[in-house]
Ligand code: ZN
């Protein structure tokens, strides 16, 4: 009986075990009919401008041992033309069951920028400063990133580096030598030509000095030279600076001390300012400047200025002590057709000036000057200038050409060039007759500087009268 009882017990245990196993197996199979994610990346990267490819991974439905692969349906898009993060959703469906997975797609730029340096030889300063080399950098995403190029010195080599906005870096390593033969620069504040009135104070306007190796070296500039404002004349101030490698630069400033009003100098050097073709809208300003310096000038006027309504300017010129010369009534070169046409024109302007001022001018300047060749076009081979130059003097006129041309009716169109043209022509002669046109604003703007220059160099400004030494050109027709 005991043995039977034992067998029964064992059977019951076996049955219980079989029941448990069967239940577990059934439960196992029932419970595992679900989605299984076998391969899926939460984060994927795609290169800038590359094609975006789907990454749905591997998901299946069923149980672990035996399951059916499910095709993931993507929702969302990735623009690979724009760097950044995009969320893409994949949906896996089996029957009525759905699994959703979110994937982060990073559009990244991993391409290094290009970096080029034009120069072939490289130098650095004794103190390690590197001069500016012409580098250029281009990036596939950022475009021109030349301004981001950096450089530094390491073990006798210059290293150029540039990084794009994604941190991709390109370097160029260049063998370099220590050298400094570049002179520093000195920049003067204000003009390098300064005019100071007699007995006024000379104010130094300052300067800046810069060196490619040493940087701002303004404090090292040595200034020499004295301006004696008690005496008219030309003075030079020198500015000298040297860098650490003894490269030296000298810059000069010229200071003219001038008497603020025209006066008769003992030098015997005279300037006659003459203005043709006016009056015009610029002449009144010119008269103000002349008045300021007590300088008298000579105006060779035309009928056009009068027709334009500037007769009152001729009156003012006359009243303020300037000489009114006769240029032409019409200023048309067809006046050179004959003696008759020339004199008709001359007397016409003479009469107009007399009507305005009460003064009969006998001072003339031929349109084009006595040396003009334009008259050949009109006079039919009569050599009219040879004739007129004699005839006008026989009739009591005096004609004046010029020996200093501002070229303001030629190629010159700037005030500074007018000034330079005039100043370079002045020397130690006794008579300088300067030709300008008061119909040109830029030329009128040069007058004050010309006066200051003249007054600081011992010239007396005079007006032309019948006693003025003759300046005549060679007659060419
Ligand atoms: Zn003219």
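Residue numbers (this note's numbering): 4 to 480. By construction, the Cβ of each residue, glycine as well, lies at the ideal position given by its N, Cα and C atoms. Fair warning: this is a prediction, and the values are worked out from it, not measured in the lab.
So what does DSSP say about residue 262, is it helix, strand or coil? Coil at residue 262, not helix or strand.
What does DSSP give as the partner residues of residue 278 in its beta bridges? Its beta-bridge partners are 302 and 439.
For residue 472 and residue 381, what's the separation of their Cα atoms in angstroms? When rounded, the distance between both Cα atoms is 31 Å.
Looking only at its own chain, which residues have a Cβ that is under 6 Å from the Cβ of residue 145, when we skip the five neighbours before and after it? Around residue 145, the same chain offers 167 and 168 as residues with beta carbons nearer than 6 Å, after the five sequence neighbours per side are excluded.
Check whether the Cβ atoms of residue 160 and residue 138 lie closer than 7 Å to each other. The answer is no: Cβ separation not under 7 Å.
Taking the alpha carbon of residue 250 as the reference point, which residue from 189, 275 and 285 has its own alpha carbon closest? Out of 189, 275 and 285, 189 has the C-alpha closest to the C-alpha of residue 250.
Out of 172, 212, 235 and 171, point me to the one whose CA is closest to residue 198's CA. Out of 172, 212, 235 and 171, the CA that lies nearest to the CA of residue 198 is found in 235.
Let me know the secondary structure DSSP gives residue 227 once reduced to three states. Strand at residue 227.
Going by the CB atoms, is the gap between residue 92 and residue 109 shorter than 7 Å? Remark: C-beta atoms of residue 109 and residue 92 do not approach each other more closely than 7 Å.
Looking at the unbroken alpha helix (DSSP H) that takes in residue 351, where does it start and where does it end? Counting along the chain, the unbroken alpha helix (DSSP H) around residue 351 starts and ends at 342-360.
Spatial neighbours of residue 104 in its chain, beta-carbon cut-off 6 Å, leaving aside the 5 residues before and after: Within the same chain, residue 104 has close Cβ partners 43 and 93.
Is any heavy atom of the ligand ZN found at a distance shorter than 6 Å from the C-beta of residue 187? The answer is no for residue 187.
Per DSSP, what are the beta-bridge partners of residue 118 in this structure? Answer by DSSP bridge pairing, in chain order: 140.
Report the CB separation of residue 392 from residue 402 in whole angstroms; it is logged as a contact under 8 Å. Going by Cβ atoms, the distance from residue 392 to residue 402 rounds to 7 Å, so yes, they are a contact pair.
What do you get for residue 326, buried or exposed, if any count of 16 or more other CB atoms within 10 angstroms of its CB means buried? That one is buried.
When you get a sec, list the residues whose CB is within less than 6 Å of any heavy atom of the ligand ZN, chain order please. Residues flagged by the Cβ proximity filter: 279, 280, 330, 334 and 370.
Would you tell me roughly how many angstroms separate the C-alpha atoms of residue 225 and residue 256, rounded to the nearest one? Computed Cα separation, rounded: 13 Å.
Excluding the 5 residues preceding and the 5 following residue 134 in the sequence, name in chain order all residues of the same chain whose CB lies nearer than 6 Å to its CB. The beta carbon of residue 134 lies closer than 6 Å to those of 215 in the same chain, with the five residues before and after it left out.
Across the segment 407-415 and the segment 424-437, are there enough close Cβ pairs to call them in contact, namely three or more that are closer than 8 Å? Touching, yes.
Is there contact between the segment 350-369 and the segment 452-465, where contact requires at least three CB pairs shorter than 8 Å? Counting C-beta pairs with one atom in each stretch, the segment 350-369 and the segment 452-465 have fewer than three that are closer than 8 Å, which means they do not touch.
Helix, strand or coil: which one does DSSP assign to residue 391? Helix.
Keeping to the same chain, check which residues put their C-beta closer than 6 Å to that of residue 242; ignore five residues upstream and five downstream. If we look at residue 242 and ignore the five residues flanking it on each side, its Cβ neighbours are 189, 210, 224, 226 and 254.
Alpha-carbon spacing of residue 205 relative to residue 119, whole angstroms: The straight-line gap from Cα to Cα measures roughly 51 Å.
Under 8 Å Cβ to Cβ from residue 465, same chain only, skipping five residues before and after it: list those, please. Result list for residue 465: 273, 274, 275, 299 and 471, in chain order.
For residue 105, which three-state DSSP category applies? In the structure shown, residue 105 sits in a strand (DSSP, three-state: E or B).
Nearest-angstrom beta carbon gap, residue 187 and residue 244 [assumed within contact, 8 Å]: The beta carbons of residue 244 and residue 187 sit about 5 Å from each other, so the pair counts as a contact at 8 Å.
Pick from 185, 218 and 232: whose alpha carbon is nearest that of residue 203? Taking each of 185, 218 and 232 in turn and checking the Cα distance to residue 203, the smallest one comes out for 232.
Compute the distance between the beta-carbons of residue 442 and residue 281, then report whether it is under 7 Å. In this structure, residue 281 lies closer than 7 Å to residue 442 by Cβ.
Name the DSSP bridge partner or partners of residue 247? For residue 247, which the question treats as bridged, DSSP gives no partner whatsoever.
Confirm, please, whether the CB-CB distance from residue 378 to residue 339 is below 7 Å. Taking 7 Å as the cut-off, the beta carbon of residue 339 is found closer than this to the beta carbon of residue 378.
Below 8 Å on the Cβ atoms is my contact criterion, and I expect residue 306 with residue 333 to pass it. Report the Cβ-Cβ distance as a whole number of Å. At roughly 6 Å, the Cβ-Cβ gap stays under 8 Å, so residue 306 and residue 333 are in contact.
Three-state secondary structure assigned by DSSP to residue 3: Any property of residue 3 remains undetermined from this structure, which presents the chain solely from 4 to 480.
Which one of 230, 200, 247 and 237 has the shortest CA to CA distance from residue 219? Comparing Cα-Cα distances from residue 219 to each of 230, 200, 247 and 237, the minimum goes to 247.
Taking all protein chains shown into account, do 16 or more other C-beta atoms lie within 10 angstroms of the C-beta of residue 68, making it buried, or fewer, making it exposed? That one is exposed.
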